[in-house]
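Residue numbers (our numbering), protein chains in the order written: chain A, 1164 to 1458; chain B, 5 to 560.
Think of the CB as a built atom: it goes at the ideal place given N, C-alpha and C, for glycine as much as any other residue.
Remarks on the structure that follows.
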Amino acid sequence: MALPIKQVRATEVGDLISVTIVGGYLGAGKTTLVNHILANADQRVAVMVNDFGEVNIDADLIRSRDGDTISLANGCICCSMVDGFGAALQTITEAPVRPERLVIEASGVGYPGQIAGYAHTPGLKLDGVVVVVDAETIRANLRSEYIGDVVRQQCVEADLIVLNKVDLVANPDAVEKAVRKVADVSVVQARSAHIPLGVLIGLDRSGLEPSGAPRSAQDRFRTWMQEFPDPVDRLSFLADLGSASDVLRAKGTVRFSEDPNTFFDVHVVGKRVTLTQSDRPWPTPRLVYIGLRTT
Amino acid sequence: MTEETIIYPARKVITMNPAFPEGQAVAVRGDRVLGVGTVDELAGWGDHTIDDRFADKVILPGFIEAHTHVMAGGVWQFPYVGFFDRRDPDGKLWQGSTSIDEVVDRLIEQESMMGDPSEPLIAWGLDPIYMPGERLVAKHLDRVSTDRPIFVYHASGHLGTVNTAMLERSEITEHNQTPGVVKDPDGQPNGELQEPAAMMLATSAFERLVVAIGSQEAKWGYANEAKNTGQTLITDLGTTRVNDPSQVEAWREVTEDPTYPARVMLAGSSMFGGEQDPDKLAAIVNDLKQEQSPKLRFGIIKIVLDGSIQGFTARVSWPYYFNPPEGHPGNGLWLVPPDQVADIVTAHHKAGLTVHAHCNGDQTAQVFIDAVETALERHPRWDHRHTVQHCQLTTPAQYRQMAALGMNANIFSNHIYYWGDQHRDFTVGPERAARMDACATALREGVKFSIHSDSPITPMGHLHTAWCAVNRLTATGEVLGPDERIDVQDALEAITINAAYQLKLDHDMGSIEAGKLADFAILEDDPLAVEPAALKDIGVWGTVVGGVAHQAGTSN
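What follows is the structure, encoded as structure tokens:
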């Protein structure tokens, strides 16, 4: 039978912690992705993992360790869910320095969409659901009697799929096509789960400024900005966002013609678009996008 | 020092020792059986006292329950609002609440006895599956109180229903987006909270439940329920964290009390904050095994692989669920990735422990059975007794494979009574419902099996679990799967010697024989003589645990 989980206390007034759920079947690379986030974060990121067993944090990075929590020199914390989901969540929301972002690793057979439900707890807001898929095994897994339905459902619940280990397959695009047949969501190919953090967990703190030119010719991602000086039609704005296949994420503020004095914050992860009434109007409404460089 | 010899004459002693099936008396010296026979035969042991208190009773080996949970004792700190009549650990009978009005009346009565109006009223055991039609929601509970927060915990453990005062105290409003906060057509929360993400919003109730389950009173209530229904050994299958020394110490404290009326076996588990690394968990359990005491035992590992059938979360094979609710994903939930099971089993198997795996669905049973086969290939080992727990949809082919591998089954026979009608009509359909909890198949295919209550999911009491296996009557009185019924003798073996075997205690418990522990169930009638349909109605005087008598319905 299920044991009750302790309630997470509502946090003090302040910025909501943005929550990204990372799902995917056993061996897809969720832990590699978590390690990548912890090693490269330029914001205070908290990570909730199933256990520390496979999290590989460079010893030089560890500042302190206290039971189920590891604090890193870069301000990040990693918390194990061994004592239960609620306990880990409480540790994080009550940390002396509140993290800006929270990444929750779902179990290999968990449904990340269900965990996303917890992101509506007071003090938190949902960023999106990222599901990691092993390019080598996904097609066999989808056919499996035991886990086919689980892996399929994980993909369906994703806002963004990281198709990992593409270096280990002969034809990544064919695998990507197979995945897209299962779930009509944004897919990003990766090796060793190496994807810019802006794509994985959101645009960086500098917020609404595009990050400029690609860092290298190999950079598969681009960032761009669009200004909306005038109110826009809500339905066509949403339709445009929905059909922009090269957009992985977007963030910003707009006004709609039906109510031109109200500003709305726009948050896009893959196909997920969230509009919330803004409490800090911007002089010039605009959106910043991250997308795949179309070749 | 020679301990005193006591001879207990009885109406009959049923030994479950096939070489000496019955006697007229049993002799006890210290905590062990000296012998079974006639009083004259037993008097040959020398100086003795005759104790006549069981002269008109039937003495059986103490029943062994290989699948229960200690929270069975904790939930009784709150009033019961379940559908079926149920007896609490003090022996008090709680009438079932068979309608919303009866639930509300029970709560009004309880509320009137409470002081501090800010203290929430918590109740448990509600099962809407038995109350077709209108569902209990906040507006019903508001008839109990508009001030005092109320939380009704459902029998499944997956749902809670609260009143408006609790919604307000917990700040659960129309704006709450947590999935599982059920709303009425106007968008207002209706009081039903589904699954932990929503239930945990009702903090004040949850914290009290957690405290109650972990309390010493819960441990006493758990053993008292065992005593009242004839169990002398109960198994806490994965609720206690054995890696937490303070939790083990709390168990030592109660079990070392001479008046504590049961032996307890604690399974090692990685659930609820247990040790995650199987090698480390196995080492902890092996260390504890070195320090076990007469009434506190170790040596088994519990793993949970899927959900429940009535919750449509067990992993079943094609053709999957019969009549699932709208929006059901098609199959149940894995709680451990199937590809990981062989490694987990191998770690415990190598360490010499017995693995007990919760497998409700047949797909799950297959994964576990195959994992045991893999573990045996990697590390041949005789007499492991790895056990499929619940074992509800296990097929004949799976039983044959289990027999070949030396595995055991612990079959959830109570399901036939409590959910048999629902299994036939909704979960798996008539044919598979008829072959669920297949004791006769296990017997035919040569798999040693026990049966269980999973208390608090269903009430503890082995005469009832045996009655279910023998009669296979559902709550509406239909026989479900007559070909899976077993004889009373086989059912009695399941709750005594075979349960002991499953836990590797059969050298010491499970039958009444010279040299074994003096653990008895003291019954008012002979289960082998009454009509099989009356098996569950036999009175239980109490138990004897290690030579110490514990009378039912008393607080010692």
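Alpha-carbon to alpha-carbon, residue j and residue i
i, j, result
"A/C1318", "B/P153", "40 angstroms"
"A/G1273", "B/E26", "53 angstroms"
"B/P384", "B/D374", "14 angstroms"
"B/T244", "A/A1250", "17 angstroms"
"B/G524", "B/E535", "According to the sequence as given, residue 524 of chain B is Phe; it is not Gly. The alpha-carbon atoms of B/F524 and B/E535 are separated by roughly 22 angstroms."
"A/C1241", "B/T150", "43 angstroms"
"A/F1215", "A/S1243", "6 angstroms"
"A/I1220", "B/I455", "47 angstroms"
"B/D44", "B/T317", "58 angstroms"
"A/A1376", "A/W1387", "Residue confidence for A/A1376 is low, a pLDDT of 46 falling below 50, so the modelled location carries little weight and cannot support an answer."
"B/D240", "A/S1227", "36 angstroms"
"B/N247", "B/E279", "6 angstroms"
"B/G86", "B/H162", "15 angstroms"
Residue i (DSSP reduced to helix, strand or coil)
i, result
"B/K293", "helix"
"B/G218", "helix"
"A/M1244", "coil"
"B/F430", "helix"
"B/N232", "helix"
"A/R1354", "coil"
"B/R565", "In the structure as shown, chain B begins at 5 and stops at 560. Residue 565 of chain B is therefore absent and cannot be evaluated."
"B/A533", "coil"
"A/S1234", "strand"
"B/T358", "strand"
"A/F1400", "helix"
"B/A522", "coil"
"B/R91", "strand"
"A/L1326", "strand"
"B/V185", "strand"
"B/H383", "coil"
"A/V1218", "coil"
"A/N1334", "coil"
Neighbour flag for residue i against chain C, beta carbons, 8 angstroms
i, result
"B/Q235", "Here the protein chains are A and B, and chain C is not one of them."
Cβ shell of residue i (< 7 angstroms), same chain only, five flanking positions each side left out
i, result
"B/A407", "E449, G450, V451"
"B/V376", "V349, H390, L409, M411"
"B/K293", "F302, G303"
"B/G546", "K231, I526, A553, H554, Q555, A556"
"B/V359", "I305, I307, V349, H352, H353, H390"
"B/L477", "Y421, V483"
"A/Q1440", "T1425, F1427"
Own chain partners of residue i with C-beta closer than 8 angstroms, once the 5 adjacent residues on each side are dropped
i, result
"B/V148", "V108, L111, I112, E115, L125, I154, N167"
"A/V1395", "V1417, R1418, F1419, S1420"
"B/E7", "R33, G34"
"B/D89", "L97, W98, Q99, G100"
"B/L532", "I18, V492, Q493, L496"
Status (buried if at least 16 other CB within 10 Å, exposed otherwise) for residue i
i, result
"B/H352", "buried"
"A/L1305", "buried"
"A/R1456", "exposed"
"B/A503", "buried"
"A/E1268", "buried"
"B/I516", "buried"
"B/K223", "buried"
"B/D425", "buried"
"A/L1398", "exposed"
"B/P434", "exposed"
"A/N1424", "exposed"
"B/I499", "buried"
"B/R57", "exposed"
Beta-carbon proximity list for residue i, same chain, < 6 angstroms, skipping 5 on both sides
i, result
"B/N418", "S457, T462, T469, C472"
"B/I54", "I11"
"B/N414", "A70, H71, T391, Q393, S454, H456"
"B/G465", "T233"
"B/Y157", "W128, G164"
"B/T177", "none"
Residue i Cβ short of 7 angstroms to the ligand PLP heavy atom set
i, result
"A/V1296", "Of the ligands one can find in the structure shown there are none, so the ligand PLP has no counterpart to examine."
What residues in the region 338-351 of chain B have a beta carbon less than 8 angstroms from any beta carbon of chain A? Near chain A, meaning a CB-to-CB distance below 8 angstroms, the residues of the region 338-351 of chain B are W338, L339, V340, P341, P342, D343, Q344.
Quick one, which residues of the region 1308-1321 of chain A are near chain B if we go by CB-CB under 7 angstroms, in chain order? Cβ contacts with chain B: Y1309, I1310, D1312, V1313, Q1316.
Contacting positions in the region 182-201 of chain B - beta carbon closer than 8 angstroms to chain A: Listed by position along the chain: T182, P183, G184, E199, P200, A201.
The region 277-301 of chain B: which residues have C-beta closer than 7 angstroms to a C-beta of chain A, in chain order? Close to chain A, meaning a Cβ-Cβ distance shorter than 7 angstroms, are the following residues of the region 277-301 of chain B: G277, Q280, D281.
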